[in-house]
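Residue 1 is where the sequence shown starts when you use the UniProt record's numbering, and the numbers rise one by one after that. Here a beta-carbon is modelled for each residue, glycine too, at the ideal position from N, C-alpha and C. Input: a single structure, listed below in structure tokens.
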Amino acid sequence: MDVIEELPEESPKSAEPSKDELLLASTLIQDAVKGHNMVYMSDSKSIQSYKLYNHPAFTITLQICIWGNLFLAIFEDPAVQSVAVPFWGTMLIEGIFMVFILCRLIHNSSFAGSAEFWKDPKNLIVMGTIALTFIDMMCYSMWSSLGGPSAHPIRWSRPLRPLFIINLPEGRQIRKAFRNIRRTLPDIFYVLLLFIASIAIFALLALKLMLKRNLHYPDGREYFTDYFEAFWDLYVLVTTANNPDVMMPAYDESKWFALFFTLYTIINLYVFMNVVLAVIYNNYKNHLKNEVKSNVYMKRRFLSKAFNLIKEWSDGQYVVSEKRWTQLMDLVHPNMAPEYIELLLCVLDDQGIRAIRKKEFLRLGDLLNVELKEVSLDESNVFDHAFPTVYKSKFSKLLCQIIKTKYFQWSFDVLILVNAFCIGFNINDAEWFFLAAFTVEILLTLYAHGPAKYFTRFWNLFDFLIITSSLLVTLIDSVVGNLDTRTRSLDILMVLRILRLVRLMGSFPRFRIILTTIVSIGPSIATYGGIIFVSANTRLVMVIYYIYAIIGMEIFQGTIKFYGYENLTQAEMFCGNPKLRGTEFYIKRYCNNNFNDIFHAMVLLFELMVATVENRIKDLGLGMGQKPKRKVKKVLDKEILVENMQTIEENGNVEFQKEVGETGPTKEFGLRFQLRDKGTKNVETLLQMMFEGEIDSGDEGLDFDENETEPNRMNRRMTLDEVL
1 MDVIEELPEE
11 SPKSAEPSKD
21 ELLLASTLIQ
31 DAVKGHNMVY
41 MSDSKSIQSY
51 KLYNHPAFTI
61 TLQICIWGNL
71 FLAIFEDPAV
81 QSVAVPFWGT
91 MLIEGIFMVF
101 ILCRLIHNSS
111 FAGSAEFWKD
121 PKNLIVMGTI
131 ALTFIDMMCY
141 SMWSSLGGPS
151 AHPIRWSRPL
161 RPLFIINLPE
171 GRQIRKAFRN
181 IRRTLPDIFY
191 VLLLFIASIA
201 IFALLALKLM
211 LKRNLHYPDG
221 REYFTDYFEA
231 FWDLYVLVTT
241 ANNPDVMMPA
251 YDESKWFALF
261 FTLYTIINLY
271 VFMNVVLAVI
281 YNNYKNHLKN
291 EVKSNVYMKR
301 RFLSKAFNLI
311 KEWSDGQYVV
321 SEKRWTQLMD
331 LVHPNMAPEY
341 IELLLCVLDD
351 QGIRAIRKKE
361 FLRLGDLLNV
371 ELKEVSLDES
381 NVFDHAFPTV
391 YKSKFSKLLC
401 QIIKTKYFQW
411 SFDVLILVNA
421 FCIGFNINDA
431 EWFFLAAFTV
441 EILLTLYAHG
451 PAKYFTRFWN
461 LFDFLIITSS
471 LLVTLIDSVV
481 GNLDTRTRSL
491 DILMVLRILR
501 LVRLMGSFPR
511 FRIILTTIVS
521 IGPSIATYGG
531 IIFVSANTRL
541 VMVIYYIYAI
551 IGMEIFQGTI
561 KFYGYENLTQ
571 AEMFCGNPKL
581 RGTEFYIKRY
591 CNNNFNDIFH
601 AMVLLFELMV
611 ATVENRIKDL
621 GLGMGQKPKR
631 KVKKVLDKEI
641 LVENMQTIEE
651 NGNVEFQKEV
661 GETGPTKEFG
671 LRFQLRDKGT
681 KNVETLLQMM
691 FEGEIDSGDE
701 GLDFDENETE
711 PNRMNRRMTL
721 DEVL
């Protein structure tokens, strides 16, 4: 859906653009840069209201409301121990959150227009959720007040809280993830159906083979005497959670039964599961590719409309002149330095005409996402200013040169390895030596590079905090003499010091490639890992976890309690529930796995996902190609920086050197900007880098349909490639 009403694409335009046109063009560019796709009217008042809606103060407050609403589960009944709050207190806070979200909706309607606002189902879902929340609050209050001490009221609206994350405009990333999953499900339905049918057939075979043999599990349970139990056991076998336990009774009866379970495992675990994963991966990738293409086309259409608003005719073509470019950038980034604006013009003006053509203008969204930092041309540091004579002496210069060499760093990398060895074998007598050596390393590096440059690197800051903390704790504990406190403090700091080995791994090119890749895909993992707990960028996994955790708390709270396992009263034995007497759940001391508060519920759900707990579930229910790297050169003139920025736009895979010893621009050039080091990339940028090679540079996707995975597919017989 287009953000604004359609504008003429090729209307002749040479007159000076009005303030309203410049404002609209700047807003369209900001939307292209930030990936916004909200509906708003094109008049000046609506645009100003839209810009106010996206003000950081309001968006941050909204995130606080969304997160705060989720974290209220910590204080609501059943609350985490010792932090319970009366229900009217949490409801008051929740009511404030709901009012703010409602105000955001009203603000949205003011610039979107009534017709467009009510056509958006996301707005209806949010309003409906707010209404249900207030109804639930009133019902809960009446139930608690009139029901007395024996009442156990239920907050049935709490599982709906993740809907705010999904349906508010700020949740577009998780919305895309859900949308791609929804589109993928029909594609894998028939494969899953065949997989389930295979398990059902093997369950029937197992039932007929074992039914009359009167076999039992070691705990006395009957072995394959019920079809649904047989189906469940074989399904769990696909996860290997009960392997080889489920096979052993039959295997003890006859060695030939090993063939049955081996054949089942090969077919369902190694064949079907891999086919299912392949189908899911390929179909999800195709839908994700269409989603990315849709976003790229949306950005280009925004930029195309902005271009049409400010273009002028010059030398037989439409361009954005230098004057209009400067006016536009003053609105897009009011605090942008004139030199930066000039630099962007040089990047986009590939013909040297001091103007920007439409094809180059469509790259503006990606260009503005390339982060630059302003650097100082003065390479001196605080020590140079404070002690110029000493710092510029021959000995000082020689010392700084030695510190900046790779051999200096390698020597302390070796010390880190030796320190890790000593920690591993509990050689504590050498700790003072390592602590002193690492302290000297930090002081020398600070002296050579200066505090400003030293603390710009994460690992330097990490080392400084760990080593100085270790030194202070050691000195204080040596004076105080409290051995227990000293031991605990040093153990924590020792664990953190071991993490310095990660920095050591980054010194090797092959390891650095892997670590850089892991850091770069962090945002993607966070977003698509988030559909299990619920929220910002771990969102996908979080949503499901939170919903199930709340439902589990409402149903199972108090069913299983943890009192410890020694010196218990009769009521406290067996996790406070006699039904658990003699169960594997109690024998293996799982009483802390319960739904008595949000933390325990989250941990329990995670255990159920990754652990071999198939026998304990019933007890819980109680019977119920790497490209070459490029480095930023020490001497950067305007042409080199322009080349680097263009390379980032085209490849998006340039890694810059992050060592503290490297400098920015030298004194021979007046350049004030440098490409900013960045370990992670925006999720949309990463996805765009994957698929934008399939999109022509000037294609605006006017005929693109994101629901079609193969627009030109002909009617023909399906193959395995089509399924995958």
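Please report the straight-line C-alpha distance between residue i and residue j, rounded to a whole angstrom.
i	j	result
Thr439	Phe599	40 angstroms
Pro388	Phe455	22 angstroms
Phe231	Phe100	50 angstroms
Ser411	Ala437	11 angstroms
Tyr270	Phe202	15 angstroms
Leu446	Glu431	22 angstroms
Arg182	Ile280	11 angstroms
Glu649	Thr262	Here Glu649 scores only 45 on pLDDT, less than 50, and its place in the model should not be relied on; the value that follows carries that caveat. For Glu649 and Thr262, the distance between alpha carbons rounds to 52 angstroms.
Met247	Ser254	11 angstroms
Gln513	Arg503	Before going on, a small fix: residue 513 reads as Ile here, not Gln. So the two alpha carbons sit approximately 13 angstroms from each other.
Lys358	Lys293	20 angstroms
residue 735	His385	Residue 735 lies beyond the stretch modelled for the chain, which goes from 1 to 724, so this question has no answer here.
Gln409	Ile403	8 angstroms
Glu116	Pro17	28 angstroms
Ala452	Leu399	19 angstroms
Asp429	Cys422	9 angstroms
Asp366	Arg500	35 angstroms
Ile544	Met602	10 angstroms
Phe508	Tyr407	14 angstroms
Ile518	Arg510	13 angstroms
Asn419	Ser470	14 angstroms
Val723	Gly35	Interpretation of Val723 is limited by its pLDDT of 42, a score under 50 that renders its predicted location unreliable; the figure taken from the coordinates is listed afterwards. Distance between the alpha carbons of Val723 and Gly35: 33 angstroms.
Ile467	Arg457	16 angstroms
Where do the N-terminal and C-terminal ends of the beta strand (DSSP E) with residue i fall, by residue?
i	result
Ser314	Glu312 to Ser314
Ser44	Run containing Ser44: none in the beta strand (DSSP E); it sits in the alpha helix (DSSP H), Ser44 to Tyr53.
Gln317	Gln317 to Ser321
Which first and last residues belong to the alpha helix (DSSP H) in which residue i is found?
i	result
Val502	Arg500 to Met505
Ile356	No alpha helix (DSSP H) contains Ile356, which is instead part of the beta strand (DSSP E) from Ala355 to Arg357.
Ser254	Careful: Ser254 lies outside any alpha helix (DSSP H) and carries neither H nor E.
Ser82	Note, Ser82: premise wrong, no alpha helix (DSSP H); not H, not E.
Gln351	Looking at the DSSP string, Gln351 is not in any alpha helix (DSSP H), and its letter there is neither H nor E.
Using C-beta distances below 6 angstroms, list every residue in its chain close to residue i, excluding the 5 sequence neighbours before and after it, in chain order.
i	result
Asn596	Pro78 and Gln557
Pro711	Here Pro711 scores only 40 on pLDDT, less than 50, and its place in the model is too uncertain to base an answer on.
Tyr50	Tyr40 and Phe111
Leu641	Confidence is the limiting factor: at Leu641 the pLDDT is only 47, short of 50, which leaves the residue's position unreliable and the question unanswerable from this model.
Ile154	Glu554
Ala32	Lys299, Phe302, Leu303 and Gly365
Looking only at its own chain, which residues have a Cβ that is under 7 angstroms from the Cβ of residue i, when we skip the five neighbours before and after it?
i	result
Arg616	For Arg616, the predicted model reports a pLDDT of 49, less than 50, meaning its position is unreliable; a value from the coordinates is still stated below. Around Arg616: Glu584, Phe585 and Tyr590.
Cys65	Phe97, Phe100 and Ile101
Val276	Ile188, Val191, Leu192 and Phe195
Ile341	Thr326 and Met329
Gly450	Asn381, Val382 and Phe383
Pro56	none
Thr225	Leu211
What's the call for residue i, buried or exposed, on a 16-neighbour Cβ count within 10 Å?
i	result
Ile427	exposed
Ile174	buried
Tyr391	buried
Val83	exposed
Ile587	exposed
Pro334	exposed
Asp43	exposed
Phe425	exposed
Thr27	buried
Asn308	buried
Asp463	buried
Quick one: what's got a C-beta closer than 8 angstroms to residue i's C-beta in the same chain, skipping five residues either side?
i	result
Asn577	Thr559, Ile560, Lys561 and Leu622
Leu72	Thr90, Ile93 and Glu94
Quick one: is the Cβ of residue i within less than 7 angstroms of any heavy atom of the ligand COA?
i	result
Leu309	The ligand COA is absent from the structure shown, which contains no ligands of any kind.
Give a yes or no on contact between the stretch 14 to 33 and the stretch 324 to 338, applying the rule of three or more CB pairs nearer than 8 angstroms. yes
Are there three or more Cβ pairs, one per stretch, closer than 8 angstroms when the stretch 341 to 348 is compared with the stretch 304 to 317? Touching, no, given that fewer than three Cβ pairs across the two stretches are closer than 8 angstroms.
Can you confirm whether the stretch 107 to 124 touches the stretch 26 to 41 when touching is taken to mean that 3 or more C-beta pairs between the two stretches lie within less than 8 angstroms? yes
So does the stretch 238 to 247 actually touch the stretch 154 to 172, counting three or more Cβ pairs closer than 8 angstroms? no
Inter-stretch contact (C-beta, 8 angstroms, three-pair minimum) for the stretch 56 to 65 and the stretch 162 to 171: The answer is yes - the stretch 162 to 171 touches the stretch 56 to 65, with three or more Cβ pairs under 8 angstroms.
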